[in-house]
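**Q** Heads up: take any position in the sequence shown, counting from 1, add 5, and you land on this note's numbering. Where a beta carbon is used, it is the ideal one built from N, C-alpha and C, also for glycine.
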Amino acid sequence: MTIPDLHRAIVDRRTEFLDLLGELVRIETPTGDLAGAERFVVHLRAVLEGDAWAVETDEREGVGALLVARMAGRTDSESTLLLAHYDTVHDVGTLERSPWRVEGDVAYGPGALDMKAGIAAAIVALRALHAVGGGPAGRVTLLVTSDEETGSHASRERIEREAGEHDRVLVLEPSRDDGALKLGRKGVADFHLTFEGRAAHAGLAPETGASALVELARAALTIADLGDAAAGTTVNPTVARSGQATNVIPDHARLSVDVRLPTMVEAERVEGAIRGYVPHDPEIRVRIDGGVNRPPMEATVGNRRLLARAQAIGATWGWSVESAVVGGGSDGNFTSALGVATLDGVGAVGGGAHTLGEHVRVGETLDRVALVANLLASDTGAVAGDDAHPPAAAVSDGARQP
Ligand SMILES: [Zn+2]
Numbered sequence: 006m007t008i009p010d011l012h013r014a015i016v017d018r019r020t021e022f023l024d025l026l027g028e029l030v031r032i033e034t035p036t037g038d039l040a041g042a043e044r045f046v047v048h049l050r051a052v053l054e055g056d057a058w059a060v061e062t063d064e065r066e067g068v069g070a071l072l073v074a075r076m077a078g079r080t081d082s083e084s085t086l087l088l089a090h091y092d093t094v095h096d097v098g099t100l101e102r103s104p105w106r107v108e109g110d111v112a113y114g115p116g117a118l119d120m121k122a123g124i125a126a127a128i129v130a131l132r133a134l135h136a137v138g139g140g141p142a143g144r145v146t147l148l149v150t151s152d153e154e155t156g157s158h159a160s161r162e163r164i165e166r167e168a169g170e171h172d173r174v175l176v177l178e179p180s181r182d183d184g185a186l187k188l189g190r191k192g193v194a195d196f197h198l199t200f201e202g203r204a205a206h207a208g209l210a211p212e213t214g215a216s217a218l219v220e221l222a223r224a225a226l227t228i229a230d231l232g233d234a235a236a237g238t239t240v241n242p243t244v245a246r247s248g249q250a251t252n253v254i255p256d257h258a259r260l261s262v263d264v265r266l267p268t269m270v271e272a273e274r275v276e277g278a279i280r281g282y283v284p285h286d287p288e289i290r291v292r293i294d295g296g297v298n299r300p301p302m303e304a305t306v307g308n309r310r311l312l313a314r315a316q317a318i319g320a321t322w323g324w325s326v327e328s329a330v331v332g333g334g335s336d337g338n339f340t341s342a343l344g345v346a347t348l349d350g351v352g353a354v355g356g357g358a359h360t361l362g363e364h365v366r367v368g369e370t371l372d373r374v375a376l377v378a379n380l381l382a383s384d385t386g387a388v389a390g391d392d393a394h395p396p397a398a399a400v401s402d403g404a405r406q407p
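Here it is as structure tokens:
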């Protein structure tokens, strides 16, 4: 089997891919809707078991069960974790307003792009691999989570545990609207500063007060200056609350700050500066809560090597695979931060994510399914110009030490 053989085998499965995607889209699964989640998990489990995946479910408090499906490899080549989520941002009833439909090369439906097409992609990629190539080279685990859209609080532990037991991670999130894969993503942090001062009558004895509001204003300016446009770090005070009456010096104020971080070095710089904030007014006390929710997904050596492999595969059928570092976070942030080679955005391509116009461009998406299948058919391998770097195994093993 050659790479173009497998590509052709997947393009031939277009109808099968669309039928499968339609079934998944027609079960509505907003995050936290336990009835929808259960219906979805029962359906997906049956499909996967029909394809001889070994399936287990992992119940999590307050959200739907996670689904973990495993398939053996032909050899002890590199193992791969395929990461997906079945929850969507769309409320129940959205399907009535934007029903599942295929018009030419475009398939519409809530959650089709983000990311039920990624789940269908994994299933079709493995079917084609078995039909044409004798199965994946190394063992494959498909982890489908239920709370990605609300921050993966219930599933993060399982995502990190599975990532630690695999050599590489392919995140089946959609690519950027222009088709670029996601080599890096910014990390996300938020901080909440609470200022306590002393109230006083603003007319009779203002000098006996200590204004939490004035301190908040100074803090907002100081903290906003931590942003670094050249580095790609943004630090934005976003919510401020203080004051009860126009004639009272306020004794309480609260400030929230949104932070986006390209690297761990920047994360440490900004977090250190915010946590080390010293009030200008020595009579004000400040408490600082919050921190980094998703660490940055950096363009590590392992991530670049996976991308280079993807580019070599795409080039065999004339596809020039582009990549980008993007702002929004995904579960790939967790796996990459553990030091496991991660390539994100290998799921569907389309547009309108999180809107009624959400859609998948089918032809380009099938190219990505073929990319996933071909990545699973062989090791990542070394790439040209790689000699200056330590081998992938040494990098990821070292970074995985607790
Ligand atoms: Zn998603």
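#1: Between the beta-carbon of A70 and the beta-carbon of G352, is there less than 7 Å?
#2: Please list, in chain order, all residues of the same chain as T5 whose beta carbon is under 6 Å from its beta carbon, the five residues on each side excluded.
#3: Which residues have their C-beta within less than 5 Å of a heavy atom of ligand 3, listed in chain order?
#4: Are the beta-carbon atoms of V60 and E54 separated by less than 7 Å?
#5: Return helix, strand or coil for A89, following the three-state DSSP convention.
#6: Please report the straight-line C-alpha distance between G78 and L11, rounded to a whole angstrom.
#7: Considering only residues of the same chain and omitting the five flanking positions on each side of K302, which have a CB-CB separation below 6 Å?
#8: What distance in whole Å lies between the Cβ atoms of I15 and T321, which are believed to be in contact at a cut-off of 8 Å?
#9: Quick one: residues in its chain with C-beta nearer than 8 Å to the C-beta of A204, no 5 flanking neighbours on either side, listed in chain order?
#10: If we ignore side chains and look at the alpha-carbon of each, how far apart do E153 and V219 end up?
#11: Just tell me which of N308, V367 and V365 has its CA closest to the CA of G386.
#12: Once DSSP output is grouped into helix, strand and coil, what is the label at D10?
#13: For A117, count neighbouring Cβ atoms within 10 angstroms of its own Cβ and tell me buried if that reaches 16, exposed if not.
#14: Quick one: grab the DSSP three-state call for R18.
#15: M76: buried (16+ other C-beta within 10 angstroms of its C-beta) or exposed?
#16: Using a Cβ distance threshold of 8 Å, determine whether the segment 314 to 328 contacts the segment 271 to 285, with at least three qualifying pairs required.
#17: Hey, would you say H349 sits closer than 7 Å to E178, going by beta carbons?
#18: Does A133 come out as helix, strand or coil in the three-state DSSP assignment?
#19: Here's the rule I'm using: 16 or more other beta-carbon atoms within 10 Å means buried, otherwise exposed. How should L381 be labelled?
#20: For H197, which residues does DSSP report across the bridge?
#21: Which whole-angstrom value describes the C-beta separation of A133 and R18, a residue pair presumed to lie in contact below a C-beta threshold of 8 Å?
#22: In this structure, does DSSP put P211 in helix, strand or coil?
#23: Can you tell me which residues form a DSSP beta bridge with A229?
#24: Classify T36: buried if its beta carbon has 16 or more other beta carbons within 10 angstroms, exposed otherwise.
#25: By DSSP, does H285 sit in helix, in strand, or in coil?
#26: Just the Cα atoms here: how many angstroms apart are V137 and M6?
#27: Which of helix, strand or coil does DSSP assign to Q406?
#28: Would P242 be called buried (16 or more neighbouring beta carbons within 10 Å of its own) or exposed?
#29: Whose C-beta lies closer than 8 Å to the C-beta of E43 among residues of the same chain, with five residues either side of it excluded?
#30: Taking DSSP as the reference, what is the three-state secondary structure of H95?
#31: Pick out whichever of H158, A378, H95 and R106 has its Cα sitting closest to the Cα of A361.
#32: Which residue's Cα is closest to the Cα of S383: G295, L266, R173 and R13?
#33: Using a Cβ distance threshold of 8 Å, determine whether the segment 234 to 241 contacts the segment 258 to 272, with at least three qualifying pairs required.
#34: With burial defined as no fewer than 16 other Cβ atoms inside 10 Å of the residue's Cβ, what is the status of G333: buried or exposed?
**A** Working from what's here:
#1: Looking up residue 70 in the sequence shown gives position 65. Looking up residue 352 in the sequence shown gives position 347. No, Cβ-Cβ distance for A70 and G352 is not below 7 Å.
#2: Because the chain is modelled from 6 through 407, residue 5 falls outside the range shown and cannot be assessed.
#3: As presented, the structure is devoid of ligand 3, carrying ligand 1 as its sole ligands.
#4: What you label residue 60 is simply residue 55 of the sequence shown in a count that begins at 1. What you label residue 54 is simply residue 49 of the sequence shown in a count that begins at 1. Yes, Cβ-Cβ distance for V60 and E54 is below 7 Å.
#5: Against the sequence shown, residue 89 aligns to sequence position 84. DSSP places A89 in strand when its eight states are reduced to three.
#6: In the sequence shown, counting from the first residue as 1, residue 78 sits at position 73. In the sequence shown, counting from the first residue as 1, residue 11 sits at position 6. Computed Cα separation, rounded: 17 Å.
#7: Here residue 302 refers to the residue found at position 297 when the sequence shown is read from its first residue. The sequence shown places Met at residue 302, rather than the Lys named in the question. Hits under 6 Å: G189, R190, G337, N338 and S341.
#8: For this step, residue 321 is matched to residue 316 along the sequence shown. For this step, residue 15 is matched to residue 10 along the sequence shown. Not a contact, Cβ separation roughly 13 Å.
#9: One-based indexing of the sequence shown puts residue 204 at position 199. The beta carbon of A204 sits closer than 8 Å to the beta carbons of G214, V253, I254, P255 and D256 from its chain, once the five residues preceding and following it are set aside; these are given in chain order.
#10: On the sequence shown, residue 153 is found 148 positions in, with the first residue counted as 1. On the sequence shown, residue 219 is found 214 positions in, with the first residue counted as 1. Cα-Cα distance, rounded: 38 Å.
#11: As a first step, residue 386 is located in the sequence shown; it is residue number 381 there, counting from the start. It is N308.
#12: Your numbering for residue 10 matches position 5 in the sequence shown. Three-state result, D10: helix.
#13: Walking along the sequence shown from the start, residue 117 turns up at place 112. Buried is the call here.
#14: For the purposes of this step, residue 18 is taken as residue 13 along the sequence shown, with counting starting at 1. Look at R18 here: in three-state DSSP terms it is coil, with no helix or strand label.
#15: Within the sequence shown, numbered from 1, the residue matching residue 76 stands at position 71. M76 should be labelled buried.
#16: no
#17: To locate residue 349, count along the sequence shown from 1; it is residue 344. To locate residue 178, count along the sequence shown from 1; it is residue 173. In the sequence on display, residue 349 carries Asp and not His. It is a contact, given that the beta carbons lie within the stated cut-off.
#18: Here residue 133 refers to the residue found at position 128 of the sequence shown. Helix.
#19: By 1-based counting over the sequence shown, the position of residue 381 is 376. By the neighbour-count rule (16 or more Cβ atoms within 10 Å), L381 is buried.
#20: Reading the sequence shown from its first residue, position 192 is the one you call residue 197. Answer is S261 and D294.
#21: Indexing the sequence shown from 1 puts residue 133 at position 128. Indexing the sequence shown from 1 puts residue 18 at position 13. Rounded, the Cβ-Cβ distance is 6 Å, consistent with contact.
#22: Against the sequence shown, residue 211 aligns to sequence position 206. In the structure shown, P211 sits in a helix (DSSP, three-state: H, G or I).
#23: Taking the sequence shown and counting its residues from 1, the one referred to as residue 229 is at position 224. Paired residues: none, contrary to the question.
#24: Start at 1 with the first residue of the sequence shown, and residue 36 comes out as number 31. Label assigned to T36: buried.
#25: The residue you call residue 285 lines up with position 280 of the sequence shown. Note: H285 maps to coil in three-state DSSP.
#26: The residue you call residue 137 lines up with position 132 of the sequence shown. The residue you call residue 6 lines up with position 1 of the sequence shown. Their backbone Cα atoms lie some 7 Å apart in a straight line.
#27: For this step, residue 406 is matched to residue 401 along the sequence shown. Caution applies to Q406, whose pLDDT of 33 falls short of 50 and renders its modelled position unreliable; the value that the coordinates give is listed next. When secondary structure is reduced to three states using DSSP, Q406 falls in the coil class, being assigned neither helix nor strand.
#28: Walking along the sequence shown from the start, residue 242 turns up at place 237. By the C-beta density criterion, P242 is buried, having at least 16 other C-beta atoms within 10 angstroms.
#29: The residue you call residue 43 lines up with position 38 of the sequence shown. The residues are G69 and A70.
#30: Taking the sequence shown and counting its residues from 1, the one referred to as residue 95 is at position 90. Here H95 sits in coil by DSSP.
#31: Taking the first residue of the sequence shown as 1, we reach residue 361 at position 356. Looking at the sequence shown, residue 361 is not Ala but Leu. For the residues H158, A378, H95 and R106, the minimum Cα distance to L361 belongs to H95.
#32: Residue mapping note: residue 383 aligns to position 378 of the sequence shown, counting from 1. Checking every option, the nearest Cα to that of S383 belongs to R173.
#33: The answer is yes - the segment 258 to 272 touches the segment 234 to 241, with three or more Cβ pairs under 8 Å.
#34: For this step, residue 333 is matched to residue 328 along the sequence shown. Counting of Cβ neighbours within 10 angstroms places G333 among the exposed residues, the total staying below 16.
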